[in-house]
Amino acid sequence: MDSPAPPTPRRLLLRSRSDLADDVLREIFLHLDSPADLARASTTCTHFHRVIADHDFLRHYHALHPPPLLGILANVFIPAQPPHPSAVAARAFKHADDADFSFSFIPFPHRWRRRDSRDGRFLLSGVPVGRGHNRGDLVWITDLAVCEPLHRRYHLLPAIPVDLAAAVHLPDIVDFEPFLAPAAEDHMDTSFRVICLAQCTTKLVLFVFSSSEGRWHSVTFEGWSALITGSGGPASGSKLSQRYYAHRCFCWLMQGMNKLLVLNTCGMNFSSVELPQDYMGREIAIVEAGDGKLGIFSLCSDIAHDTVHLSYVILRDCTEITNQWHFEEVLPLPLQHHFDIVGVAGGYLVLQGVPKGMSLINLPQNPNIVCFSLDLRTLQLEWLCQTSRSILYAELYAGHPPALSPPNI
Amino acid sequence: MAAPESGDGNNGAARMVTLISSDNTRFEVEAAAASLSQTLQLTILDGGGGGGDGIPLPNVDSATLSKVLEYCIKHAPAAANGGAPNATAVDRAELERFDNEFVNIDQSVLYSLIMAAHNLEIEGLQSLVAKKVADMIKGKSPMEIRRTLGFPDPTPEEQAEMNAHMLEYGWAYE
C-alpha cells in the first residue's frame, strides 16, 4: 500500500484525552481475551496504561472475562506450567513478593487456616488464642477472615450474633461449613458474601454475611428432615460431599441417597435433584455445563483392565424432577497414573495423577506427580503442572495477575 | 431508492430522513436505518430530519458517514426484528459475512469509523470496529502495537514511565 502521508485519523486516538477517546479505548481493550494481551497493551503508551489500570475498567474487564486458572495452592503455590495456556499469566507469580499465600499479613497468622477461595479472595477460619486445632473448634467457628493475598488485605468478620446463633443447638450440629459466595448480582464491585452452613440433625441453617451490608442474617431450611428420611436414609442425617459451585448454585452430593442438594445463592433456597446413578464411594465433581446446565464428572476404575476413565453426564433441565440426566461422554485417562479430583476452577476440572504403585498418603521422596486440566468446554485433557509434593487439602487458584487485579476487599 | 421490503412506513413507503456531513454533503436514508444511532433516534422520533431540514453531523465527514450508513442500511432489517431472534441461520451468516468484509478496510478509515460509531452511538458498529482493532493488536509486543496503530516512537520521558510499568507486566512478554 502506498502511503505518502501518515493517516491523519490515527491522531484521534492520541490527540484527544477526552472521555470519548477513553470510551473508544475501553471498548477495544474489553475485546482482548487474554490477560497477556491486555498487559502488553497497557505498556504501549501512558494513555493506554491510564485507561487499563483504572479500577473500574479492570472490574468491568473481569466481569466479561472470568479469571483464568493460575495454579494450585497446596503447601506452596504451584503455578500452571508451559505449555498450558494459563502458564503465561501464572508467570506473574514467579517472585515471592508477587503475592502472600501464607497470609503473614493477618495478625497471629499461625492461628488461621484456609477454608475456601473464590474470585481471588480466601476465607480463613481462626482458632482463639490459647486453643489447639481440635475437632471441637470446627463445630462452631466464631473467627472468620476474608483475605486477599495479592494486595495483602484482610477483613475480619464479626461473630455471628447470639440471637441468630440461637437457631441451632450445638449438640445437634452434624457439620459446620464456612465458604465464600459470590456477591448478589446487583453488587458486582468489591462486595462478597460468606456463608456458614450448619447441618443439624433435623434442619439446615445458613448464616449469611454480606460485606455490603456488614452484617449476618440466617435462613433455616426445615425441609431437611423430610429430605433425608424420605428415602429411608439413616435418621442421623446424610453426609454431604465436598461442595461444588456452578451457575450461582452450590451443590453437594448427599451420600447414600442418589441426590444432589442444591443451594441457589440468588434466593438462598435449597432444593434437591435426583441423580441418574449411585455415586457412593466415587470421586465426583459438579461443573457448569453449557447453557446454564449442571454436569457431573465421576472417576471410574476398571479394575479388570487396570484403567481409569471419567464419566460425564449433564442435567438436561433443572425444572424436571426425574430422568433428566443425559449421558454425555466417557473420557479415558492416561494409563501410567491413578487419579484424584483436585477441584474445578477457571473453566477447568483439575486431576492429579500419581504414578501407579504409589499412595498419596505415604509418598516416596520426590515423586513425580502430574496434574492435568480438563477444559470443560472442549473436554480436552491437558498437562497443567508437575510437582514433587502431594496435593492434599489444596485450593485451585483462578485469578487475574496482580497488575490487572484491583483490590476487592 | 426503491421501496424497502421491510419498511415501517405506511403504504409500503418508508419514512426518509436527511443527514448532513461536516463537509455539507446531504445523505437521504430510511429513518429505520438512521435510528440505529442512539444519538439520532430521539431526534428522528420527534419527527426531525425530514423534509428540507436535515440533521447536521459536524463531527462526521462524508466519506465516513457514507460508510456508517452502509452498515446501518444492512443491519436495519434485523434490528427492526428486535435483534432478529427468529432470523434464519442464512440471514445471520450473511450479516456476519458482511461484517467481516466491512471492517476489511484501510486503518485510517477504520479509526474514523470508530470515532463516528461512538459519536453516533451505534452499538453494533462500535463493537464491530473495536473488535477489529483488538484483533490487530493481539499477540503483539508494545512496540509492535505502536507501529500497528501508527503511533510515533515514545519520547524519552514516556519511555522512562513505561519502563517503570514494565516491571509489573514483565510476565506478559518474557
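Chains as they are written, first to last, in full-length UniProt numbering: chain G, 1 to 409; chain V, 1 to 174.
Beta carbons: idealized from backbone N, C-alpha and C, even for Gly.
Cβ neighbours of residue i in the same chain (closer than 8 Å, five flanking residues each side left out)
i             : result
Arg243/G      : Glu177, Phe179, Phe250, Cys251, Trp252
Arg316/G      : Lys293, Gln324, Trp325, His326
Met280/G      : Gln255, Gly256
Asp172/G      : Cys200, Thr201, Thr202
Asn366/G      : Ser388
Leu379/G      : Tyr312, Glu329, Leu331
residue 206/V : Residue 206/V lies beyond the range of chain V shown here (1 to 174); nothing can be said about it.
Thr88/V       : none
Asp61/V       : Ser21, Ser22, Asp23, Ser112
Gly48/V       : Val17, Ile55
Arg193/G      : Leu180, Ala181, Pro182, Ala183, Ala184, Val208, Phe209, Ser210, Ser211, Thr265
Ser272/G      : Leu227, Met254, Lys259, Leu260, Leu261, Val262
Nearest-angstrom Cα separation, counted from residue j out to residue i
i             : j        : result
Ala166/G      : Val205/G : 11 Å
Cys147/G      : Pro77/V  : 51 Å
Gly357/G      : His338/G : 9 Å
Leu30/G       : Ser127/V : 10 Å
Gly214/G      : Ala184/G : 14 Å
Tyr61/G       : Ile28/G  : 11 Å
Ala13/V       : Val103/V : 31 Å
Phe105/G      : Val162/G : 29 Å
Leu13/G       : Ser210/G : Residue placement at Leu13/G is poorly supported in this model, since its pLDDT is 40, which falls under 50; the coordinates still yield a value, given next. In a straight line, the C-alpha of Leu13/G is about 42 Å away from that of Ser210/G.
His75/V       : Arg97/V  : 12 Å
Leu70/G       : Gly399/G : 7 Å
Asn59/V       : Asp119/G : 42 Å
Gln41/V       : Asp291/G : 34 Å
residue 452/G : Phe77/G  : There is simply no residue 452/G to check, as chain G begins at 1 and stops at 409 in what is shown.
Thr25/V       : Leu57/V  : 10 Å
Arg26/G       : Val51/G  : 7 Å
Val90/V       : Leu125/V : 21 Å
Ala80/V       : Ala32/V  : 8 Å
Glu28/V       : Arg147/V : 38 Å
Leu69/V       : Asp23/G  : 22 Å
Pro83/G       : Leu381/G : 13 Å
Leu351/G      : Ile114/V : 45 Å
Glu5/V        : Asp53/V  : Bear in mind that the predicted position of Glu5/V carries a pLDDT of just 43, short of 50, making it unreliable; the figure below should be weighed with that in mind. Each residue's Cα considered, the two are about 26 Å apart.
Ile284/G      : Ile303/G : 18 Å
Check whether residue i and residue j have beta carbons under 8 Å apart
i        : j        : result
Ile195/G : Ala181/G : yes
Ala34/V  : Ile44/V  : yes
Asn100/V : Thr39/V  : no
Tyr397/G : Ile72/G  : yes
Arg248/G : Asn264/G : yes
Val99/G  : Pro66/G  : Note that residue 99/G is Ala in the sequence shown, not Val. Not closer than 8 Å, so no.
Ser37/V  : Ile105/V : no
Leu32/G  : Ala41/G  : yes
Tyr17/V  : Ile73/V  : Position check: residue 17/V holds Val in this sequence, whereas Tyr was assumed. In this structure, Ile73/V does not lie closer than 8 Å to Val17/V by Cβ.
Pro68/G  : Leu404/G : no
Leu275/G : Lys259/G : yes
Thr43/G  : Met166/V : yes
Trp216/G : Leu261/G : no
Ala172/V : Ala39/G  : yes
Ile391/G : Ala90/G  : no
Asn408/G : Thr190/G : yes
Gly139/V : Asp340/G : no
Leu299/G : Arg282/G : yes
Met162/V : Pro152/V : no
Close-in-space but distant-in-sequence residues of the same chain around residue i (CB under 7 Å, 5 per side omitted)
i        : result
Arg114/G : Phe122, Leu124, Glu395
Pro406/G : His55, Leu58, Arg59
Ala289/G : Gly295, Ile314
Pro334/G : Gly353
Leu197/G : Glu177, Leu204, Leu206
Val287/G : Ala246, Gly295, Phe297, Val344, Leu349, Leu376
Pro355/G : Gln336, His337, Pro367, Asn368
Val370/G : His337, Gly353, Trp383, Gln386
Near the ligand ZN: residue i beta-carbon under 7 Å from a heavy atom
i        : result
Leu315/G : Only the bare structure without any ligand can be found here, which leaves the ligand ZN out of the picture.
Beta-carbon contacts of residue i that lie in its chain and below 6 Å, excluding the five residues immediately before and after
i        : result
Gln81/G  : Ala87, Cys385
Asp175/G : Gln199
Pro401/G : Pro35, Ala89, Ala92
Val219/G : Leu206, Met268
Give, in chain order, every residue of the segment 30 to 45 of chain G whose Cβ lies closer than 7 Å to some Cβ of chain V.
-> His31, Leu32, Ala36, Asp37, Ala39, Arg40, Ala41, Ser42, Thr43, Thr44, Cys45
Residues of the segment 150 to 162 of chain V with Cβ closer than 8 Å to any Cβ of chain G, in chain order = Gly150, Phe151, Pro154, Glu158, Glu161, Met162
Do the segment 343 to 355 of chain G and the segment 36 to 52 of chain G touch if we need at least three Cβ pairs shorter than 8 Å?
-> no
Check each residue of the segment 372 to 404 of chain G: if its Cβ is closer than 8 Å to any Cβ of chain V, include it; give the result in chain order.
-> Pro401, Pro402, Ala403
Could you list the residues in the segment 61 to 72 of chain G with a C-beta less than 7 Å from some C-beta on chain V, going in chain order?
-> none
Could you list the residues in the UniProt domain "SKP1 component POZ" (16 to 75) of chain V with a C-beta less than 8 Å from some C-beta on chain G, going in chain order?
-> none
Interfacial residues, the segment 89 to 116 of chain V to chain G, with Cβ spacing under 7 Å = Gln107, Ser108, Tyr111, Ser112, Ile114, Met115
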